[in-house]
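Enquirer: Going by the numbering used here, the sequence shown wraps up at 200, each residue one higher than the last. Every residue gets a Cβ at the ideal spot worked out from N, C-alpha and C, and that includes glycine. Handing you this structure, nothing more for now.
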Amino acid sequence: MLLVTYASDQFPHLSIVERFWWAHYAYWQSGAVATGLLTFWSHEVVYFVRCLPLIVADALPSHFLCCKIQEAKQPSAAQQWGCTKFVLLIHFLVEMPLIVLFHPLCELVGLNIQVPFPTWGAMAAQLVGFFVLEDAYHYWVHRFLHWGSMYRKVHCIHHTYAAPFGLAAEYASP
27 MLLVTYASDQ FPHLSIVERF WWAHYAYWQS GAVATGLLTF WSHEVVYFVR
77 CLPLIVADAL PSHFLCCKIQ EAKQPSAAQQ WGCTKFVLLI HFLVEMPLIV
127 LFHPLCELVG LNIQVPFPTW GAMAAQLVGF FVLEDAYHYW VHRFLHWGSM
177 YRKVHCIHHT YAAPFGLAAE YASP
């Protein structure tokens with residue numbers, strides 16, 4: 027909080043979000059660590075919090091089974107727990123290092139992550155660009171993983187669960 031107060035005194039023109047952003051980066055003194063932690067923990071919170079309503083729905087089949095497309099295929103608690111453990115393992119061993127590498131990539135392509143933030147229009151354009159690039163990347167990599175030996179040796183784990191459930195969204199091969 028001391029850094030936020032300092033940012034408020036030194037940079038009164040910054041918004042409160044920009045002050046917290048500045049304080050976060052000043053605290054860690056490493057752009058890669060600050061970006062990595064912020065992005066990774068944001069991802070974890072959003073991923074698991076958005077799964078909570080789906081977990082509740084699966085736990086109360088008498089109320090929500092009618093909403094499922096595949097009513098006869100209900101994941102067991104053991105399957106959900108196994109999936110959760112695997113997803114956490116993949117998040118920490120695969121996704122976290124990739125997320126940490128995102129900061130140097132931003133610097134390489136000239137993406138500014140410093141305060142003050144860019145205009146809303148610039149942020150919207152960057153967001154659209156990221157969505158297009160990520161979607162194209164995800165589509166082509168996923169399509170490649172369905173090819174012959176890649177599917178049998180690597181990707182088949184992604185299709186373990188016949189009926190999807192919230193936690194299985196990222197149950198995939200690294």
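(1) For CYS182, does the count of other Cβ atoms within 10 angstroms reach 16, so buried, or fall short, so exposed?
(2) Which residue wins for smallest C-alpha separation from ALA103, given the options ALA198, GLY192, GLU196?
(3) Would you call TRP67 buried or exposed, if buried means 16 or more other Cβ atoms sit within 10 Å of its Cβ?
(4) Could you give the residue range of the alpha helix (DSSP H) that holds GLY155?
(5) Which term fits GLY174, buried or exposed, when burial requires 16 or more other beta carbons within 10 angstroms of its beta carbon?
(6) Please look up how many angstroms separate the CB atoms of GLU44 and HIS117, rounded, as I've assumed it's under 8 Å.
(7) In angstroms, rounded to a whole number, what distance separates the CA positions of THR65 and ALA162?
(8) Whose C-beta lies closer than 8 Å to the C-beta of GLY136 among residues of the same chain, with five residues either side of it excluded?
Expert: Per the coordinate set shown:
(1) Around the beta carbon of CYS182, a 10 Å sphere encloses fewer than 16 other beta carbons of the protein chains shown; the residue is thus reported as exposed.
(2) Of ALA198, GLY192, GLU196, the residue nearest in Cα terms is GLY192.
(3) It is exposed - the Cβ of TRP67 has fewer than 16 other Cβ atoms within 10 Å.
(4) Residues 146-171.
(5) Exposure of GLY174 is indicated by the presence of fewer than 16 other C-beta atoms within 10 angstroms of its C-beta.
(6) Not quite, the Cβ-Cβ distance comes to about 28 Å (not below 8 Å), so this is no contact.
(7) Using only the alpha carbons, I get a separation of about 21 Å.
(8) The answer is none, since no qualifying residue turns up.
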